Amino acid sequence: MRFFTFLCMCLFALSGLGFGMGSKNISSEISIHNLNSTLIKDTVIKGKSILDSSKKSSAPKKANPKIIDAGSTFLDPSKISKLPVVSLQQFLKGQVSGVYGTEPSGEPGTVQNLFIRGISMPVFSAKDQFQSQPTIVVDGIPVISYDHPFAYDIQQYDFNRIGPATNILANIDPENIASIEVLKDLSESGKYGPRAANGIISITTKRASYLKKISFNTYIGLATPDAVTTLNGADENAFRKPFYTKYATFDQIQNIPAYLRDSSYTVYYGPSNWTDLYYKNTLQYGLNISITGGVDNANFRAAVGSLRDNSVADASGLSRYNASFMLNMKPTKWLSFTATMSASQLWRDRNKYFRDRFAEVRYLPDLTNPISPNKDYYAQFLREYDKAFDNNKTNIVDASFVTKMTFGKFNFISTFSTDYSGGYRDIFYPRTLLETNNYVSNYFGYNQRVIMDNKVAYNLSWHNTHFIDLEGGQSVQLDRYRYDYSYAYNGSSDYIKLNIQDTPKPNIFATPTANSGGYLFTNTFRFIDQTQNNLLSYYARAGYHYKDKYKLSLLLRGDGSSNQQPTSRWFLSPILSGEWNIKNDLLPARSAISELALKTSIGRVGRVQQDDRYAAGPQYTVDIGFTGQPRIGSYQGLAPLNRPYNLGWVGYNIPWAYTEQENVGLDMGLWHNRLRASVDLYSRTDKNEIINVPANADYGYAYAAMPGMSVNNSGIDVELSADILPAKSKFQWTPSISFNFNRNVLKALPGGINQLVVGTGVNSRLLQVGKSIDQYWLLQNQGIYNRDSEVPVNPNGGAKLSFHGIPLKAGDPKWNDLNGDYNIDDNDKVLQGHSLPVVSGGINNDFRYKSWSLGVNLYYNLGRNIINQAMANRFDFINQQSANDINSVKEITFWQKMGDYSKYPVYNPWSDVIPYRTDQDLFLENGSFIKLRSVSLSYDMMGLFKKSKITKFLIYTSVTNVFTLTPYTGRDPELVDYKGYDTGYGQPIPRTYTLGIKMDL
Amino acid sequence: MKIRIILIVIALFMISTSCNKVLDVQSTRLVNEDNMWLKAADAQAGVIGVFGLSRAALNDNDRHWIYGDLRTIQGRGGDFRSVTRLDLKAVSSNQLKATYPLLDALSNWTKFYAAINAANIFLERAPNILKTDPTYLPSDLKLDIANVRAIRAFIYFYMVRIWGDVPLIITSHDGQFDHKPRETQKNVLTFVESELLAVIPDVPVVYNSDPLQPEQPRKGATFFTFYIDWQPIKKHAAYAILAHVYAWEGKYADAAICAKWVLDNMQLGAMTAIKQGMNFLNIDQMRQMFRGESGNNQYNIVFGFSHNLVNGESTTTGALEELTLAAPYITNKALPAIYVPKDSILSVFKEANDVRFSIDPILNQPSSDRYFGAFDRTFPIFTKVFIITNHDPPLNTLNGVGSNGSIAAFGSATVFTRPDDMELLLAEADAVLGNTADAITLLNAARANRGLLAYDATKNGTLIDAIFDERRRELMGEGHRWYDLIRYKKIKNNDPVFNTMIQNGAIYWPIAQSVLSENPLLVQNPYWN
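So the sequence lines, in the order shown, correspond to chains A and B. Sequential numbering from 584 applies to the first sequence in my numbering. Sequential numbering from 573 applies to the second sequence in my numbering.
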């Protein structure tokens, strides 16, 4: 009886419901401390934490060996905390098989993606990427991990979301993490219901304890930029010369852009030394102090931390300040409370990209001449920037209050928690930065989630052979997202920098010249938007296990979402999981096999729509914008209501989208767990997903939002690790490898269609049933037509091979006419490559000798391709300069050599067929890589402090991003956007040297 | 023990009370079908939606001007040329199937059908409001319906000029989006004519609550101020659109009647009472008219779509200025996207003392920058339409305070027709019908208003030529040129190359592939196959 209460306690402890509580209930002589050590012992004995080489981890790996845990992987946070990384995505990259983390820019605090076991739907737009993100659970609370993408609706360009666009997951201080667990299949993650559709990353923070302890962790680091080759006007001229010599007409030569015309013009032809001001060695630091203490029935942990991460480029960086507090109280034997509160603030110093600024300002100046590569001129620009401000602040506050009551074999647990993140961005750009227009904008937006969760658990057993645990509960999650955004142009003075949002709007008809903080109302634009999303769930779970041999668990849950139509509001999901402990059952005597278990799970969970428009059915909204002007919201100053013609038709009878998952895994430990392996085979099929299908054009709709897309991800996760040398040995070597192979296949499209083209022109992508959803759709480039006579002629009618009806000429690319109709068009495009890796993972080697330990971490991606768009843009200079659109913007990095120009044919850049278009395999490259991500060396100084109060004293040093091996010819193959394009915009991920100390008193 | 039980009971109570109610969230971002068409305000929002979508259709990718002022086949067509943009070059070289996103967008009629669908929904659902909102009167409904029908007719007329035959869809088919084949242009235009004729009795000559005009919204009704401020479709607008429809069809007798009605009723008592009589504007007033906003001569736009600057409707794209303006008038572009070549300017504006543009014989330079500025540059700037947001109030000249061009967000109205257009259209009709004297009188009035001497056949060519030359000068940059050229060639019938293209449909645009592939009943215009 006591034992089961204890098991139960541990379960709740794992669920983030407080640790110290209830120990008195077990027995008066088991203190919290004992409970802790029991857990630690358990971990040591089981030895299952694959990445746990130190075997001293306090990760509560398996508090209750009876709980089925197929498909979850723990991560030892003590190693992460030795690296100068900021975001959760960075912690997890390459650490856990099946978790793919992206880092499209080295700029600290920018949005990064995580995908667990592939993507559940195509990712072709900034909005799409959020639909495949896993849910982050902190101490049992599913937190909001990204700003709601609805703000993209008013944006002309989706390079960045309006507002601070800060990676909210940069708020977690690794020093506060006790363990990170990745729940990849439904046996474990199912309890989070629809939030588990893309997998769960469950973080347990360090617990409160009555043990008086002060921990002190700090590091400083130096980030260093790589050397780059700079270019100037002469280089650019030399680059263009072959094109002019070969193809230019007289007019075209006359039209050579002004900045290249005169080679004595030192602004462009002078020394190219902008890098002196752009790339710099920068310092980083991190600091965390925590304290625990109290008495048995009332104890706490408090921590404060501060961090600064600086990019080596463009003076961008991130500051983080965080504080957290946890309190356990146990006023009576049967009642306990745990309260946690954490707050953090992120300040981001953003890049100074022209593109991002013009996109924010929604205004394009004349782009003919780029900024000078000379540092004197670049310094002038930076000085103007000094008059500007761009404040990006994000506040994140999480709080939870857990009440637990015990009544015999019943446990009642009630949780109330809130998660809030509020982002602010205040911008002012002076006149000098934008053709005598100044610009001001103010943004405030928040995401808020309130969770009320109640559950009852009951345990039962017969003769220590049959165990039954029952659990039932209900939870309400109330989400609210909102933003207020306004911007204005051309204020009366560069010295008035008011918050225009706070200024009330007067009657503009009465006072037409009225202004707000010096900004005319004709030049002021305001937006407010809000959306809610509530989730109500009921669930019941029954678990049965027989001795330590067979385990079976059935979870039934009903989830209701306010983003579903009233006729299909509820979704029922059953999840069945089982585990057969082969070791205990069949091989108890075989000492070589220390652990062998087969586990499996099957089930489904719903997927919450992030947009409330699908709940409404046919609807009316404000949608009278046009190309390049999505935000226009009135006619004659009056608000319209019309069907969502641009966003797409929404009909009735939209069912729940859901994900069906099957998982079979084998956990194995050999020779006293010196060799540990875990292999999981999985298949995950997402069904009834909504996708915009071009439809009803003759009724004005750009699309119809139709349910019925289905995507399957299947693959294998492997984790292997070994202690090569015997435990007695002074020298220890623990290699470990994580490996994921994932393939996605489009199983169905709405309405039974077989293929769907998303987007137009060079950016179009093809979705074809039976093919992968992350493939590029490209023409096959086979060289160049050097003479007009080389262009094939159709024997039928004598027409020359053409491109969309335009006859090809000398200097045009030789594209493969697949269907032989003598016209190159979309029908000649082929699905090629993958933007996501087919194989990814990491290789770790940990060495230990006496007090020394050395960790070497490699990260790899294989079977992945990149479109080198930065290269295409350079070659497509004629269209770039003639268009004067957002794609023609030349950053200061235009003067940096990226890649090898010599391997591309010299096409006629003036040709109507746009020879250097990105929708051809000319720019498709193998983006596989293996990267030595970090090497860290630490020395345990405890030997010197044996008799002092110090319980831990570790100093360490590490180097990150040591080298990358890749066939990719561009820059770092990680610096790629969500679509798989290397736009040249990602800031480099620097090599960083750090020195740190970890100390417990 | 007791407390324990009580607490558990309370907790269980908490579970049971959180009911389904939390799932009924009323979106603040949209209105569903059940909550629409209940209030007078819904009708207003619906009407505004139809107008807003029509504006979006014409302004999307600047298509009103690209269709009208840039399209050229074999040297015959718009006066404007692209400076560097290759997609615009493709329009003036008739490469309409080149793969530029612009051409794909301009071949796509979906934006027009959005306005039509919004109108169809309004016509089906708005009558419901009479039952649910007593403040919405039958007369309000009648007026709203008249406005919406007129706009729908206009959009159909606009589309047949671009694509020829188009599907004629006059009900919403909501949720049952059947494919429709293309209806012949003739039948579509018959529909357009009948619709416009039907709404004329239902719209007033001016929105001023005059009790003598029973079509008016009544005082106190919700829309009262809404229509007064705005003055959407009045009788003049319906007649003016109809005049263009008839002229396009070659029904000049009917066109003449309609155009004449507009010209004869420009100063009705009801209009002058609130200072909204229509006038032939002088060259300075005309520039102000393009602002299209209250107090800026907007009553002289017989029919068009405006951008209300004070309410943040200015745009950086979707206005002629986006294409035509550049330094020195605005600072963000060194060169305009399109321009009228100097030799074209000099050949079109060759008469002395033309207040729009003429070369001062003494100084040998342009006498004003009312139509063209920066004439000394390779690419002169078309300055006729010049509404940038920091004119407040807008200025008649380019040189006043606040017009430094530092912010290139534009607010010009898309003017479909104005009195000068009607005057010349009537002259054209009279000339075709043989009423030469009337035609010359009208033409001379138009010429006199622009500083030109009376029509002289020896200098100005045939009457038809002179009328079309005057239209070309007066309406340059207002999206008329291409359609004028087609009417002109039909009248003259002396250009076999162009007349063949009228016959074989080369004058129309191709239909976007995306539209074709959605609806199997559609066939491409044969010329573009």
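Cβ atoms here follow ideal geometry from the backbone N, Cα and C, with glycine treated the same way. In this text the structure is predicted, and so the values were computed from the model without any measurement.
**Q.** Short-range partners of chain A found in the region 598-626 of chain B, where Cβ spacing is below 8 Å
**A.** SER599, THR600, ARG601, LEU602, VAL603, ASN604, GLU605, MET608, ASP614, GLN616, ALA617, GLY618, ILE620, GLY621, VAL622, PHE623, GLY624 and LEU625
Q) Straight-line CA distance for MET1378 (chain A) to ASP1411 (chain A)? A) Taking the first residue of the first sequence as 1, we reach residue 1378 (chain A) at position 795. Taking the first residue of the first sequence as 1, we reach residue 1411 (chain A) at position 828. With the sequence shown as reference, residue 1378 (chain A) is identified as Pro, and Met is not the correct amino acid for it. One C-alpha to the other measures close to 19 Å.
(Q) Could you check whether the region 771-782 of chain B touches the region 744-759 of chain B, counting it as contact only if at least three pairs of C-beta atoms, one from each stretch, sit closer than 8 Å? (A) no
Q. Cβ of ASP651 (chain B) less than 9 Å from any chain A Cβ?
A. Walking along the second sequence from the start, residue 651 (chain B) turns up at place 79. With 9 Å as the cut-off, ASP651 (chain B) does not count as an interface residue toward chain A.
Q: Please decide whether TYR946 (chain A) counts as near chain B, where near means a Cβ-Cβ distance under 9 Å.
A: For the purposes of this step, residue 946 (chain A) is taken as the residue at position 363 of the first sequence. TYR946 (chain A) counts as touching chain B.
Q. Going along the region 831-860 of chain A in order, which residues come within less than 9 Å of chain B, judged by CB to CB distance?
A. ASN838 and ALA841
**Q.** Burial state of ASP809 (chain A) (16 or more Cβ within 10 Å)
**A.** Here residue 809 (chain A) refers to the residue found at position 226 when the first sequence is read from its first residue. Exposed, because fewer than 16 other Cβ atoms sit within 10 Å of the Cβ of ASP809 (chain A).
Q: Would you be able to state if there are at least three C-beta pairs under 8 Å between the region 1156-1165 of chain A and the region 763-774 of chain A?
A: yes
Q | For SER940 (chain B) and GLN860 (chain B), the rounded distance between their alpha carbons | A | Counting from 1 along the second sequence, the entry for residue 860 (chain B) is found at position 288. Counting from 1 along the second sequence, the entry for residue 940 (chain B) is found at position 368. One C-alpha to the other measures close to 16 Å.
Q.
Once the 5 residues before and after ALA1084 (chain B) are set aside, which same chain residues still bring their CB inside 7 Å of it?
A. Indexing the second sequence from 1 puts residue 1084 (chain B) at position 512. Cβ neighbours of ALA1084 (chain B) beyond the five flanking positions: ASP676, SER679 and ASN680.
Q) Is LYS758 (chain B) helix, strand or coil when you go by DSSP? A) Residue 758 (chain B) sits at position 186 when you count from the first residue of the second sequence. Three-state result, LYS758 (chain B): helix.
(Q) So the candidates are A:PHE990, A:ALA926, A:GLY991 and A:THR986; which of them puts its Cα closest to the Cα of THR998 (chain A)? (A) If you number the first sequence from 1, residue 998 (chain A) lands on position 415. Ranking A:PHE990, A:ALA926, A:GLY991 and A:THR986 by Cα distance to THR998 (chain A) puts A:THR986 first.
Q: Please check if any C-beta of chain A sits within less than 9 Å of the C-beta of SER1086 (chain B).
A: Here residue 1086 (chain B) corresponds to residue number 514 of the second sequence, with the count starting at 1. Yes, SER1086 (chain B) counts as interfacial toward chain A.
(Q) Is ASP1081 (chain B) close to chain A? Criterion is C-beta to C-beta, closer than 9 Å. (A) Locating residue 1081 (chain B) in the second sequence gives position 509, counting from the first residue. The sequence as given places Trp at residue 1081 (chain B); Asp does not occur at that position. Output row for TRP1081 (chain B): interface = no.
Q: With ASP879 (chain A) as the anchor, note down where its alpha helix (DSSP H) starts and where it stops.
A: In the first sequence, the residue the question calls residue 879 (chain A) occupies position 296. First-last for ASP879 (chain A): undefined, no H or E at that position.
Q. Skipping 5 residues on each side, what residues in its chain have a beta carbon closer than 6 Å to that of ALA815 (chain B)?
A. Here the question's residue 815 (chain B) lines up with position 243 in the second sequence. Excluding positions up to five away in sequence, the list reads ALA827, CYS830, ALA831 and LEU997.
(Q) Which same chain residues end up closer than 6 Å to VAL944 (chain A) when comparing Cβ atoms and leaving out the 5 residues on each side of it in sequence? (A) Your numbering for residue 944 (chain A) matches position 361 in the first sequence. For VAL944 (chain A), where only same-chain residues beyond five positions count, the Cβ hits under 6 Å are TYR1022.
Q: Give the residues from the region 984-1009 of chain B that approach chain A closer than 7 Å (Cβ to any Cβ), ordered along the chain.
A: none
Q | 3-residue-minimum beta strand (DSSP E) runs that sit fully inside the region 731-785 of chain A, ordered along the chain | A | 760-766
Q: Please report how far the alpha carbon of ARG1059 (chain B) lies from the alpha carbon of GLU1042 (chain B), in whole angstroms.
A: Here residue 1059 (chain B) refers to the residue found at position 487 of the second sequence. Here residue 1042 (chain B) refers to the residue found at position 470 of the second sequence. Each residue's Cα considered, the two are about 14 Å apart.
Q. Are the C-beta atoms of ASP856 (chain B) and some chain A residue less than 9 Å apart?
A. Translated into the one-based positions of the second sequence, residue 856 (chain B) becomes position 284. No, ASP856 (chain B) lies away from the interface with chain A (no Cβ there is under 9 Å from its Cβ).
Q: Give the straight-line distance between the Cα atoms of ALA1198 (chain A) and ASP712 (chain B), rounded to the nearest whole angstrom.
A: The count along the first sequence starts at 1 and reaches residue 1198 (chain A) at position 615. The count along the second sequence starts at 1 and reaches residue 712 (chain B) at position 140. Cα to Cα, ALA1198 (chain A) sits roughly 32 Å from ASP712 (chain B).
Q: Alpha carbon to alpha carbon, how far is TRP1254 (chain A) from ASN1167 (chain A)? Give it in angstroms, no decimals.
A: Reading the first sequence from its first residue, position 584 is the one you call residue 1167 (chain A). Reading the first sequence from its first residue, position 671 is the one you call residue 1254 (chain A). About 15 Å.
Q: State yes or no: is the C-beta of ALA612 (chain B) within less than 9 Å of the C-beta of THR707 (chain B)?
A: One-based indexing of the second sequence puts residue 612 (chain B) at position 40. One-based indexing of the second sequence puts residue 707 (chain B) at position 135. Yes. Within cutoff.
Q: Using the Cα positions of ARG1109 (chain A) and THR1210 (chain A), report the straight-line distance between them to the nearest angstrom.
A: Within the first sequence, residue 1109 (chain A) is the residue found at index 526, counting from 1. Within the first sequence, residue 1210 (chain A) is the residue found at index 627, counting from 1. Answer to the nearest angstrom: the Cα atoms are 20 Å apart.
Q) Grouping DSSP H, G and I as helix and E and B as strand, with all else coil, what is SER1471 (chain A)? A) Residue mapping note: residue 1471 (chain A) aligns to position 888 of the first sequence, counting from 1. Of the three classes helix, strand and coil, the one that applies to SER1471 (chain A) here is helix, per DSSP.
Q.
Our contact map puts LEU918 (chain B) next to GLY649 (chain B) with C-beta atoms below 8 Å; I'd like the distance itself, whole angstroms only.
A. For the purposes of this step, residue 918 (chain B) is taken as the residue at position 346 of the second sequence. For the purposes of this step, residue 649 (chain B) is taken as the residue at position 77 of the second sequence. Not quite, the Cβ-Cβ distance comes to about 19 Å (not below 8 Å), so this is no contact.
Q. How do the region 736-747 of chain A and the region 932-948 of chain A stand: do at least 3 beta-carbon pairs fall below 8 Å, yes or no?
A. yes
Q | CB-CB length for LEU947 (chain A) against ASP1468 (chain A), believed under 8 Å | A | As a working mapping, residue 947 (chain A) is identified with position 364 in the first sequence. As a working mapping, residue 1468 (chain A) is identified with position 885 in the first sequence. With 8 Å as the limit, LEU947 (chain A) and ASP1468 (chain A) qualify as a contact, their Cβ atoms being about 7 Å apart.
Q) Taking Cβ-Cβ distances shorter than 9 Å, what residues in chain A pair up with GLN667 (chain B)? A) Reading the second sequence from its first residue, position 95 is the one you call residue 667 (chain B). GLY1388, ILE1389 and ASP1495, listed in chain order.
Q | Neighbouring residues, chain B, relative to GLN1570 (chain A) (Cβ below 7 Å) | A | On the first sequence, residue 1570 (chain A) is found 987 positions in, with the first residue counted as 1. Those within 7 Å of GLN1570 (chain A) in chain B number zero; the least Cβ separation is about 27 Å.
Q) chain A partners of ASN633 (chain B), CB-CB under 7 Å? A) Numbered from its first residue, the second sequence carries residue 633 (chain B) at position 61. In chain order: THR1210.
Q: Report the rounded CA-to-CA distance for ARG1574 (chain A) versus THR801 (chain A), giving the unit in angstroms.
A: Against the first sequence, residue 1574 (chain A) aligns to sequence position 991. Against the first sequence, residue 801 (chain A) aligns to sequence position 218. Taking the straight line from one Cα to the other gives about 19 Å.
Q: Would you mind working out which of A:VAL1413, A:SER1436, A:LEU1548 and A:TYR1551 sits nearest ASP1504 (chain A), comparing C-alpha positions?
A: Your numbering for residue 1504 (chain A) matches position 921 in the first sequence. Looking at the Cα atoms, A:VAL1413 is the closest of the given residues.
Q: Would you tell me roughly how many angstroms separate the C-alpha atoms of ASP1002 (chain B) and VAL817 (chain B), rounded to the nearest one?
A: As a working mapping, residue 1002 (chain B) is identified with position 430 in the second sequence. As a working mapping, residue 817 (chain B) is identified with position 245 in the second sequence. Rounded to whole angstroms, ASP1002 (chain B) to VAL817 (chain B) spans 16 Å at the Cα level.
(Q) Using a Cβ distance threshold of 8 Å, determine whether the region 1273-1281 of chain A contacts the region 1326-1344 of chain A, with at least three qualifying pairs required. (A) yes
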